[in-house]
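**Student:**
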Amino acid sequence: MPPVVAPAPERVADHCLAAPGLLAQLLVGKYCDHLPFYRQEQMFWQRHVVFIARQQMVQWTAQCVRLLSGITDCLKQELRQSGYVQVDETPVRYQDPLLEGRCGQGYLWTGLVPGQCVVYEWHVSRAARCLESLLGTDFAGKLQCDGYSAYPAFAKTKPAVALFGCWAHYPN
49 MPPVVAPAPE
59 RVADHCLAAP
69 GLLAQLLVGK
79 YCDHLPFYRQ
89 EQMFWQRHVV
99 FIARQQMVQW
109 TAQCVRLLSG
119 ITDCLKQELR
129 QSGYVQVDET
139 PVRYQDPLLE
149 GRCGQGYLWT
159 GLVPGQCVVY
169 EWHVSRAARC
179 LESLLGTDFA
189 GKLQCDGYSA
199 YPAFAKTKPA
209 VALFGCWAHY
219 PN
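All residue numbers for the sequence shown refer to the numbering used here, where the first residue is 49 and numbers rise by one.
1. Which residue marks the beginning of the alpha helix (DSSP H) containing residue 215, and which one marks its end?
2. Relative to the alpha-carbon of residue 207, which residue among 185, 64, 214 and 140 has its alpha-carbon at the smallest distance?
3. When the Cα atoms are used, what is the spatial distance from residue 171 to residue 90?
4. Would you check if there are 3 or more beta carbon pairs closer than 8 Å linking the segment 113-130 to the segment 147-156?
5. Are the Cβ atoms of residue 165 and residue 192 separated by less than 8 Å?
6. Tell me the DSSP secondary structure of residue 148 in three-state form.
7. Straight-line CA distance for residue 112 to residue 122?
8. What's the C-alpha gap between residue 66 and residue 86?
9. Using DSSP's beta-bridge definition, name the partner residues of residue 207.
10. Please check the pair residue 115 and residue 61, which I expect to be a contact at CB under 8 Å, by giving their CB distance rounded to whole angstroms.
11. Could you check whether residue 195 and residue 209 sit closer than 8 Å to each other, using their CB atoms as the reference points?
12. Looking at the unbroken alpha helix (DSSP H) that takes in residue 69, where does it start and where does it end?
13. When the distance is taken between beta carbons, is residue 120 closer than 8 Å to residue 74?
14. Check the C-beta distance from residue 142 over to residue 152 and give it rounded, since I have them as a contact under 8 Å.
15. Report, in whole angstroms, the separation of the C-beta atoms of residue 155 and residue 140, which I expect to be a contact under 8 Å.
If you want it as structure tokens, here you go:
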């Protein structure tokens, strides 16, 4: 009688040995808990005596990004077709290997359609071209934002875009 073997668990991607729960933990650790991979590598070793190389974590993250890109594309399409978007850019310091001993300055651009969807994009710039990446070149509608100069620069070439101020920045 042949041996009985349980079916292999489903894999997130071909040739990926990581279980979905481990991948979720890595992504939550990195993007929600702000734990860089070197720190997660240390934690896996200290807590579980399991070595997972940082490069492997990077590769798994890249696979997850590719798999989730369809969701991002749908959210961006919803954002771009909504006709009303709230936008902002938040400064974020990040580790840049080209800046030895210093952190770089990047921006997390956010587009929000209240009650529907939110889309985040990372850029190392605050330029108006970042808005084109987020909203597309054909965006038409109301854009609610603060007074930063990138927003009027974006709207200047798009007559179908109307800028609205953000009450959060209104002086008391």
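In this text, a Cβ means the ideal position worked out from N, Cα and C, and glycines have one as well.
Predicted model, so just to flag it, every value in this text is computed and none were measured.
**Tutor:** According to the structure data:
1. No alpha helix (DSSP H) holds residue 215; DSSP gives it neither H nor E.
2. Per the Cα distances, 185.
3. For residue 171 and residue 90, the distance between alpha carbons rounds to 28 Å.
4. The segment 113-130 vs the segment 147-156: no contact.
5. Cβ atoms of residue 165 and residue 192: not closer than 8 Å.
6. Coil, per DSSP.
7. Those two C-alpha atoms are separated by around 16 Å.
8. Across the structure, residue 66 and residue 86 are spaced so that their CA atoms are roughly 18 Å apart.
9. Answer is none; residue 207 lacks a bridge partner.
10. 6 Å between Cβ atoms; contact.
11. By the CB criterion at 8 Å, residue 209 and residue 195 fall outside the cutoff.
12. From DSSP, the alpha helix (DSSP H) with residue 69 extends over 68-75.
13. No, these two residues do not count as a Cβ contact at 8 Å.
14. A Cβ-Cβ separation of about 5 Å places residue 142 in contact with residue 152 under the 8 Å criterion.
15. Between residue 140 and residue 155 the Cβ distance is about 7 Å, and since that is below 8 Å, they are a contact.
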